[in-house]
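What follows is a short report on a single structure.
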Amino acid sequence: MRTRLVEFRGDPEAWWAAAQSQVSSIAAKLDAANEQSDTVVTVLVDHSGSMRHDGILSAVSILELTELLLGKLGIHLEVLGFTTTSWKGGRSRELWLERGRPPSPGRLCDLLHIVYRPASSVEPGPASDRYLAMLRQRLLRENVDGEALLWAAARLRTVPARRRILLVLSDGAPGDDSTISQNGVQFLDLQEVVEALQHAGDIHLCAIGIGHDVAPYYPNAVLAATRADIGRAVSATFEQALRPA
415 MRTRLVEFRG DPEAWWAAAQ SQVSSIAAKL DAANEQSDTV VTVLVDHSGS MRHDGILSAV
475 SILELTELLL GKLGIHLEVL GFTTTSWKGG RSRELWLERG RPPSPGRLCD LLHIVYRPAS
535 SVEPGPASDR YLAMLRQRLL RENVDGEALL WAAARLRTVP ARRRILLVLS DGAPGDDSTI
595 SQNGVQFLDL QEVVEALQHA GDIHLCAIGI GHDVAPYYPN AVLAATRADI GRAVSATFEQ
655 ALRPA
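First residue of the sequence shown? That's 415 in our numbering, and the numbers climb one at a time after it.
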């Protein structure tokens, strides 16, 4: 899996070195502008099937740059992932079938929420090593973004901090075929959850779209259309999120 990451970054990794330089420059600028230590950041990573190959490699690279930037500023970081345990439903769908397929059953997939790095941890070693498990193709299935956002926000609110930031790495809309087929596409509540978080006002919500623009779903969204955009996307995201109040 590490070989895939090295190949993605290329030889002699010119774009990756440039990305690290961009992020280090922004960290120095932010450090000089304001005290950042009373801040916590959660990064929530979409583990949908469409994120396979370059998408998830981009996400791991973004996480490594994020650790570099936040580490320089003394900011705590939590990293979470979300997917499902299987394709097209799981035990939830089986129970629904066993009960005679009652109408409007609600969610029919089984969620899998993963904690890669808790906010309280101080992790030694190369950042990418912590996220190599994301490169397992069988882990990337369907994505129920609304419930994942609620979970991530609930965890974030338990961390004592003056400022809380929730960054989503995603390549598009929620996808849960079994649930949509029986409840309709409007059942997946990402937009309602985003609006509720914005209304609450205690969490700064932002996103980096990996290969696709996610501005229709998330506020403060930046597009990383290709790997060459990753450094700029991370820098722009945190330059906005960490600007002095």
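All C-beta atoms, glycine included, are put in the ideal place defined by N, C-alpha and C.
Being a predicted model, the structure only gives us computed values, none of them experimental.
Reduced DSSP category for residue i - H, G, I as helix; E, B as strand; rest coil
i, result
"G469", "helix"
"L580", "strand"
"R664", "Here the chain has residues from 415 to 659 only, and residue 664 is not among them."
"E653", "helix"
"E561", "helix"
"L479", "helix"
"A629", "coil"
"V493", "strand"
"A639", "coil"
"L553", "helix"
Residue i classed as buried or exposed, judged by whether at least 16 other C-beta atoms fall within 10 angstroms
i, result
"T651", "buried"
"P426", "Here the model assigns P426 a pLDDT of 48, short of 50, so the residue's position is not dependable, and the following value carries that caveat. It is exposed - the Cβ of P426 has fewer than 16 other Cβ atoms within 10 Å."
"V582", "buried"
"T640", "exposed"
"D460", "buried"
"R423", "buried"
"A547", "exposed"
"L656", "buried"
"G615", "exposed"
Of the listed residues the options, nearest to residue i (C-alpha basis)
i, options, result
"C620", "W429, I644, V455, A441", "V455"
"L491", "R646, R578, P633", "R578"
"I622", "Q612, N634, L611", "N634"
"K502", "A432, I440, L604, E556", "E556"
"Q543", "R531, L554, L553", "Looking at the sequence itself, residue 543 is Asp, so the reference to Gln does not match. It is R531 whose Cα lies nearest to the Cα of D543."
"G495", "H527, R515, I624", "H527"
"R552", "S439, S462, L611, R576", "S462"
"S438", "E609, L479, T572", "L479"
"H467", "I624, A629, V628", "I624"
Chain B contact for residue i (CB, 8 Å cutoff)
i, result
"N557", "Checking the listed chains, one finds no chain B in this structure; it contains a single protein chain."
Cut-off 6 Å between Cβ atoms - residues of its own chain near residue i, not counting five sequence neighbours on either side
i, result
"S464", "D585"
"H626", "D585, G586"
"G485", "none"
Proximal residues to residue i (C-beta, below 8 Å), its chain only, five neighbours per side dropped
i, result
"L564", "V607"
"Q654", "C620, N634"
Sequence-distant residues of the same chain with beta carbon closer than 7 Å to residue i, five excluded per side
i, result
"A441", "L483, K486, L487"
Item checked: Unbroken stretches of the beta strand (DSSP E), 3 residues or longer, contained in the stretch 427 to 462 -> DSSP runs (the beta strand (DSSP E)) wholly in the stretch 427 to 462: 453 to 460.
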